[in-house]
Amino acid sequence: VDFGNFHIVKESNDLANENLKNSYKSFIEKAKEFGLPLNCNLNIFQRVQDMINIRTYESGVGETKSCGSGTAATAYALSLDTNEKEFKFSSKGGDSVILFESNKILLSTAAYELEFEGELSTSDFNE
């Protein structure tokens, strides 16, 4: 799914025990075979009643607590497959809700937490 950056969406029956790093490497090898973009993120999800648990492995970063574009890409893929319009997600970073109408995101809600704050000065860079 192309959401400004590429996302692979995969369903799992055992999300807690998924090895995201190995799954990501496997998808990258397949992408090379088929000439697909290599700068993609991997989103693995598991439905548990009315909640969708999700984990994301971001290109160049590794596993993250949550990923807004990855959650949206997963919701979009599910909406095409199921015709559902509302999705509730749970990630290590918290819960979120995404609503669709006519294949467009109407609303995306998620809590956020500031994890880092810093300052850069031009003297920090070599010219």
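In my numbering, the protein residues as written are 2 to 128.
In this text, a Cβ means the ideal position worked out from N, Cα and C, and glycines have one as well.
Between glycine 5 and serine 70, the CB-CB gap stays under 8 Å. DSSP places lysine 89 in the uninterrupted beta strand (DSSP E) bounded by 87–92.
With at least 16 other beta carbons inside 10 angstroms of its own, asparagine 44 counts as buried. Exclusion of the five residues before and after glutamate 64 leaves Leu21, Tyr58 as the residues of its chain whose Cβ lies within less than 6 Å of its Cβ.
With a cut-off of 8 Å on Cβ pairs, the segment 84–93 is not in contact with the segment 19–33, counting fewer than three such pairs.
Just measuring C-alpha positions, the residue of Glu116, Ser80, Leu37, Lys93 sitting nearest serine 103 is Ser80. Put simply, of Leu37, Val49, Asn42 the residue whose alpha carbon is nearest the alpha carbon of aspartate 15 is Val49. Taking C-beta atoms as the reference points, valine 10 and threonine 75 count as a pair closer than 8 Å.
DSSP places phenylalanine 28 inside the alpha helix (DSSP H), whose first and last residues are 21–35. About 18 Å separates the beta carbons of lysine 93 and serine 60, which is beyond the 8 Å limit, so they are not a contact pair.
Boundaries around glycine 95 are those of the beta strand (DSSP E), 95–102, since no alpha helix (DSSP H) includes it. CA-to-CA, the gap between asparagine 54 and asparagine 18 works out to about 13 Å.
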